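Read the structure below first, then the notes.
Protein chains in written order, with our numbering: chain Y, -18 to 96; chain D, 3 to 115.
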């Protein structure tokens, strides 16, 4: 199993550009989520999905869109990039949501810089 | 709003020293997880604690969940350079019962040889 994969690993955008961060998992996990990580702020939830066709907002959803057409893929779209979106983005998946025993498996991250 | 506060935020010690990292909240959680993250990689789960007062050991790492399930600690005995990394606590099943994990801001540990 490849686990959770993310592409690209690094990206530089100009303000106003759009792009899609890709995330895929091969563990047949129902629950997938996107986090951003900024210095001194831990991980903050952007959007999450409890299954194909179902998505919901997390703590910091503004400026980001998601969709979940398949169990395996959960792309994150930046419609008009802003410097405040400079961050490291992590995708994660788990077997179910909120179960106390559940392990979240994280991808390697995408480091995004918006100029 | 549920918050998890970790302390200290940064710790630099010599190899062989002991250390404790704290994770505190005013909210009750059903479970608390500890992750370790190395530079350029995603967090990796170390342990999940679910019962108030529970203690789990993972080699030189000892994890404890507070009796009231509002706090947790991570103690490392005889730290080694390989322990260097970012340690994150995350709470699940809190009062909002959203099924989402709430992360602390992390503790960066540097162990010097």
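For each residue, glycine too, the CB sits at the ideal point set by N, CA and C.
All of these numbers come straight from a predicted model, not from anything done at the bench.
Residues near residue i by beta carbon distance below 8 Å, same chain, minus five either side
{"i": "residue -1 (chain Y)", "result": "58, 59, 60, 61, 62"}
{"i": "residue 38 (chain D)", "result": "45, 46, 48, 87, 88, 89, 90"}
{"i": "residue 54 (chain D)", "result": "67, 68, 69, 70, 71"}
Outcome for residue i when other beta-carbon atoms lying within 10 angstroms are tallied against a minimum of 16
{"i": "residue 12 (chain D)", "result": "exposed"}
{"i": "residue -3 (chain Y)", "result": "exposed"}
{"i": "residue 85 (chain Y)", "result": "buried"}
{"i": "residue 69 (chain D)", "result": "exposed"}
{"i": "residue 26 (chain Y)", "result": "buried"}
{"i": "residue 95 (chain D)", "result": "buried"}
CB contact flag (residue i, residue j, <8 Å)
{"i": "residue 22 (chain Y)", "j": "residue 74 (chain Y)", "result": "no"}
{"i": "residue 8 (chain D)", "j": "residue 108 (chain D)", "result": "yes"}
{"i": "residue 1 (chain Y)", "j": "residue 64 (chain Y)", "result": "no"}
{"i": "residue 103 (chain D)", "j": "residue 67 (chain D)", "result": "no"}
{"i": "residue 104 (chain Y)", "j": "residue 18 (chain Y)", "result": "Outside the shown range of chain Y, which is -18 to 96, sits residue 104 (chain Y), and nothing can be said about it."}
{"i": "residue 49 (chain Y)", "j": "residue 77 (chain Y)", "result": "no"}
Cut-off 6 Å between Cβ atoms - residues of its own chain near residue i, not counting five sequence neighbours on either side
{"i": "residue 20 (chain D)", "result": "79"}
{"i": "residue 46 (chain Y)", "result": "58"}
{"i": "residue 23 (chain D)", "result": "76, 89, 109"}
{"i": "residue 50 (chain D)", "result": "33, 35"}
{"i": "residue -8 (chain Y)", "result": "93"}
Legend entry - Residues within the stretch 7 to 28 of chain Y neighbouring chain D, beta-carbon criterion of under 7 Å: 21, 22, 23, 24, 26
Legend entry - Contact set between the stretch 35 to 48 of chain Y and chain D, restricted to residues whose Cβ is under 8 Å from the partner: 39
Inset, instruction - Write down every uninterrupted run of the beta strand (DSSP E) in the stretch -16 to 51 of chain Y whose length is 3 residues or greater and which is fully enclosed by it, in chain order. - result: -15 to -12, -9 to -6, 0 to 6, 12 to 18, 24 to 32, 35 to 38, 45 to 47
Inset, instruction - Select from the stretch 33 to 56 of chain D all residues with a C-beta closer than 9 Å to any C-beta belonging to chain Y, and list them in chain order. - result: Listed by position, the residues of the stretch 33 to 56 of chain D near chain Y (Cβ gap below 9 Å) are 33, 35, 37, 39, 42, 43, 44, 45, 46, 47, 50, 52.
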